[in-house]
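> Would you mind keeping the following structure in view while I ask a few things?
Protein chains: 2
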Amino acid sequence: MVSIKDVAKEAGVAISTVSKVLNNYPNVSEETKEKVMEAVNRLNFVPNQVAAALSSKKSGRIALLIKLNMKTQAIDEIDMQYISGAISMAREKQLDVITVFYSMIEKMSLDEMRRYFASQSISGIIIFGMNNEDKVLLKLIESQTFKIVVVDSPLVNESTSCVGINHYQAQIDVAEKTIKENMCRSILYIAGMKNSYVTEEKIRAMKDLAAKRKLKLFIRNGDFSELKARQLTFRYAKNKDIVVCASDLMAIGAMKALIEMDIFRPVCGFDGIILMGYVGKQMNTVKQDFANVSAEAVRELNRLLNGSKGRNVRLPHKLVRMKYEDIIC
Amino acid sequence: MVSIKDVAKEAGVAISTVSKVLNNYPNVSEETKEKVMEAVNRLNFVPNQVAAALSSKKSGRIALLIKLNMKTQAIDEIDMQYISGAISMAREKQLDVITVFYSMIEKMSLDEMRRYFASQSISGIIIFGMNNEDKVLLKLIESQTFKIVVVDSPLVNESTSCVGINHYQAQIDVAEKTIKENMCRSILYIAGMKNSYVTEEKIRAMKDLAAKRKLKLFIRNGDFSELKARQLTFRYAKNKDIVVCASDLMAIGAMKALIEMDIFRPVCGFDGIILMGYVGKQMNTVKQDFANVSAEAVRELNRLLNGSKGRNVRLPHKLVRMKYEDIIC
DNA sequence: TTGTATGCGTTATCAG
DNA sequence: CTGATAACGCATACAA
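First to last, the sequence lines map onto chains A and B. Take the first sequence: its position 54, counted from the start at 1, is 54 in the working numbering, and no numbers get skipped. Add 329 to a position in the second sequence, counting from 1, and you land on the number used in the working numbering.
In structure tokens:
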């Protein structure tokens with residue numbers, strides 16, 4: 001393995017000079033800079049990130065904390081998009097990424113968790129799918145031990161940013177569009193999980209929308225479960241004009257139930273997963289660009305690591321109808 | 330951050346002694362071993378893997394090399410299962426995992442690739458979705474610079490193992506079962522990509538099966554594309570008795586085409602992706618446990634890292650029919 | 001502007 | 001069986 005020492009020898013300068021050139025230090029003459037870069041290219045040198053991390057204590061290593069859905073693989077695409085988006089951006093920003101699943105840390109205490117990440121030389125964490133029952137994570141965020149970006153949860157402090165689409169507005173947009181298209185008066189809203197931050201946002205959106213348009217709103221928790229949405233639909237949809245769902249998976253469950261009941265009600269979903277194109281009926285939904293959300297999260301984390309303070313970052317969303325013809329390839 | 334030095338002080342021994350205890354060296358007395366472990370627990374010490382990697386040069390860092398499907402997210406679940414299976418097993422085996430996508434390295438030369446992995450202190454690599462046009466990867470394997478496990482490609486040498494199900498047998502099993510159930514005489518086989526290792530295996534299986542049962546076999550490449558399978562079905566399925574597909578996605582494309590053609594032909598797929606449960610018609614398919622395949626790959630890589638020689642590892646498969654009722658939750 | 005020296009947290013090689 | 005001590009590859013305060 002060719003090291004910085006080899007480069008130094010090749011260029012005829014000191015190790016520290018090479019290091020300075022590589023890290024864009026100001027006080028280096030153009031001349032030596034060139035000499036060094038030539039040597040770097042000639043030897044095809046790539047800095048050892050592990051050693052750099054150990055030495056500088058800044059590491060540039062970040063962790064992706066992901067909550068794997070154990071129940072269905074139908075929405076694995078969401079996590080996959082998160083991962084790939086993050087890794088791409090991380091490479092651009094020269095960050096090293098490790099992927100961690102909730103299951104690996106869920107039984108840890110705050111201290112154990114801190115040590116775990118510290119032992120990996122992690123300096124920044126991106127948290128996906130967090131809800132307000134993840135007490136230890138909450139404490140981790142409050143402790144400000146690490147720079148953290150939380151996706152889709154409104155947690156912000158000096159060292160913590162949140163990124164995500166505007167769930168409130170997105171929920172209003174998709175529901176309002178579908179309501180207008182079908183002239184509905186009463187709504188069955190199948191919400192997500194009670195302890196999820198976005199669920200509250202979306203419920204608030206639906207309430208505001210119902211008030212504004214003077215609609216009857218009937219809310220039940222579907223827990224992001226397709227089966228539960230199916231059951232709720234069987235039970236409550238008949239005397240409603242529309243079924244609004246907080247996720248595509250639930251929308252699919254609702255739609256399939258309606259077909260079995262042999263009645264028609266417009267249904268709209270949320271997320272824009274590919275599965276929506278396969279269920280036969282088109283539905284309005286909110287298209288989130290998960291890879292982009294995740295890439296933005298990395299970008300924001302990088303900002304935090306460079307000393308900026310936490311903030312709230314909102315990303316755009318789109319309304320779409322997913323058709324089989326459009327998604328196959 | 331509490332380091333090995335703190336532990337040594339706490340236990341009243343030398344740093345090197347602590348290291349020996351932690352790494353299960355033989356020549357340590359039970360007594361000191363206990364003292365050290367007590368100190369470790371008292372301080373809640375976790376070894377810094379980055380430092381360990383740097384020092385030992387053995388690293389225990391492995392890379393997952395994954396070919397992201399850019400066309401459709403319908404099969405993201407496969408990669409996701411690969412990733413989660415690998416990470417879980419890696420944690421068990423105390424290995425550090427980084428995820429790398431083909432897109433990040435596809436333009437590299439052999440040397441660049443070597444240096445890239447070396448710079449990350451990677452000592453082992455698991456390659457998913459490789460085909461025989463990945464020339465640089467082939468050379469990387471031949472060079473034996475790293476311990477490598479290849480999933481689903483029959484590449485083995487001193488430092489390289491391959492793992493995966495028996496695609497030949499699995500293809501025979503699922504096709505034969507479907508043929509028996511429907512008394513077919515002529516087959517449309519929609520194969521995968523020409524340059525894929527498994528494609529050859531499966532075609533061989535189909536040929537052997539056709540010969541054995543005296544069936545007419547008509548083969549076309551579907552390139553794992555749903556759209557292409559759809560077109561091939563429109564074109565060729567009418568005068569065949571059955572459509573056998575090398576992937577579920579193609580099977581879905583074929584089935585949807587048949588429905589539009591308003592004719593019935595039994596269709597069977599391969600992989601067991603969740604989407605199969607959503608298309609309305611049940612089909613036979615081969616269920617691969619991707620997470621398990623991946624976990625096995627990590628286990629095998631760990632063996633290689635510990636000095637064992639490369640070998641061929643075959644994993645079991647199952648035949649299933651995926652029903653909507655069974656997969657929702 | 002450049003070079004020297006020290007340390008990051010481990011592992012590993014020797015003495016003792 | 002245990003303990004100094006030298007690497008590992010790099011960053012950085014400080015000296016030149």
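No residue lacks a Cβ here, since even glycine has one placed at the ideal position from N, Cα and C.
#1: Between the region 615 to 625 of chain B and the region 643 to 657 of chain B, can you find at least three pairs of beta-carbon atoms closer than 8 angstroms?
#2: Give a yes or no on contact between the region 390 to 407 of chain B and the region 134 to 141 of chain A, applying the rule of three or more CB pairs nearer than 8 angstroms.
#3: Do the region 419 to 434 of chain B and the region 626 to 636 of chain B touch if we need at least three Cβ pairs shorter than 8 angstroms?
#4: Assign G666(B) to buried or exposed, taking buried as 16 or more other Cβ atoms, counted over all protein chains shown, within 10 Å of its Cβ.
#5: Ignoring anything shorter than 4 residues or poking outside the region 557 to 595 of chain B, list the alpha helix (DSSP H) runs there in chain order.
#6: Look up F290(A) in the DSSP assignment and say whether it is helix, strand or coil.
#7: Using CA atoms only, rank isn't needed, just tell me which of S450(B), A566(B), T507(B), V478(B) is closest to F599(B).
#8: Work out the CA separation of K58(A) and G124(A) for me, nearest whole Å.
#9: When you measure from the CB of M37(A) to every non-hydrogen atom of the ligand ATP, does any distance come out below 8 angstroms?
#10: Mind checking the region 590 to 610 of chain B against chain A and listing, in chain order, the residues whose C-beta falls within less than 8 angstroms of any C-beta there?
#11: Does the region 35 to 44 of chain A come into contact with the region 365 to 385 of chain B, if we say contact requires no fewer than three beta-carbon pairs (one atom in each stretch) closer than 8 angstroms?
#12: What residue range is occupied by the uninterrupted beta strand (DSSP E) comprising L546(B)?
#13: Mind listing the chain A neighbours of V375(B)? Cutoff is C-beta to C-beta under 7 angstroms, in chain order.
#14: Less than 9 angstroms between CB atoms is the rule here; does K71(A) satisfy it with respect to chain B?
#15: Below 6 angstroms CB to CB, which residues in the same chain sit around P595(B) once its five sequence neighbours on both sides are set aside?
#16: Evaluate the contact criterion for the region 219 to 230 of chain A versus the region 145 to 160 of chain A: three or more CB pairs, one atom per stretch, below 8 angstroms.
#17: Relative to the C-alpha of R514(B), which residue among K531(B), M612(B), A540(B) is closest?
#18: Looking only at its own chain, which residues have a Cβ that is under 6 angstroms from the Cβ of M283(A), when we skip the five neighbours before and after it?
#19: Are the C-beta atoms of S225(A) and some chain B residue less than 9 angstroms apart?
#20: Only counting runs of 4 or more residues, tell me where the alpha helix (DSSP H) segments fall wholly within the region 274 to 322 of chain A, in order along the chain.
#21: Is it buried or exposed for K531(B), if we count other Cβ within 10 angstroms and need 16 for buried?
#22: Could you confirm whether any beta carbon from chain B is found closer than 9 angstroms to the beta carbon of V100(A)?
#23: Per DSSP, N157(A) is paired with what?
#24: I want to see whether chain B comes within less than 9 angstroms of I15(A), judged by CB atoms only; does it?
#25: Where does the unbroken alpha helix (DSSP H) through K509(B) begin, and where does it stop?
#26: In chain order, what residues of the same chain lie with their CB nearer than 7 angstroms to the CB of A39(A), ignoring the 5 residues before and after it?
#27: Could you tell me which uninterrupted alpha helix (DSSP H) segments, each at least 4 residues in length, are contained entirely in the region 39 to 116 of chain A, listed from first to last along the chain?
#28: Whose CA, out of C574(B), V342(B), A504(B), lies closest to the CA of I519(B)?
#29: Taking only beta-carbon positions, decide if K287(A) is within less than 9 angstroms of chain B.
#30: Taking just the CA atoms, how far does A586(B) sit from A562(B)?
#31: Would you mind sorting M409(B) into buried or exposed? The rule is 16 or more other CB atoms within 10 Å of its CB.
#32: Could you list which residues in chain B have their beta carbon closer than 7 angstroms to that of G387(A), in chain order?
#33: Run the CB neighbour count on I144(A), radius 10 Å, all protein chains shown included, and call it buried at 16 or more, exposed below.
#34: Is the CB-CB distance between S294(A) and A86(A) below 9 angstroms?
#35: Can you confirm whether A337(B), when its beta carbon is compared against all beta carbons of chain A, has any partner nearer than 9 angstroms?
#36: Taking the alpha-carbon of P316(A) as reference, which of N292(A), I105(A), D111(A), Y324(A) has the nearest alpha-carbon?
From the atom records:
#1: yes
#2: no
#3: yes
#4: Because residue 666(B) is not part of the residues shown, which for chain B are 330 to 658, the question remains open.
#5: 577 to 590
#6: helix
#7: T507(B)
#8: 10 angstroms
#9: With respect to the ligand ATP, the structure offers nothing, as it holds no ligand at all.
#10: I602, I603, L604, Y607, V608, G609
#11: no
#12: 545 to 550
#13: R115, Y116, S119
#14: yes
#15: T507, N511, I571
#16: no
#17: A540(B)
#18: A251, V267, C268, G269
#19: yes
#20: 290 to 305
#21: buried
#22: yes
#23: T160(A)
#24: no
#25: 496 to 511
#26: V7, E10, A11
#27: 49 to 56, 76 to 92, 102 to 105
#28: C574(B)
#29: no
#30: According to the sequence provided, residue 562(B) is Thr. The question's Ala does not apply to it. Rounded to the nearest angstrom, the two C-alpha atoms are 6 angstroms apart.
#31: buried
#32: This structure leaves residue 387(A) out entirely; chain A is present only between 1 and 329.
#33: Position check: residue 144(A) holds Gln in this sequence, whereas Ile was assumed. By the 10 Å Cβ count, Q144(A) comes out exposed.
#34: yes
#35: no
#36: N292(A)
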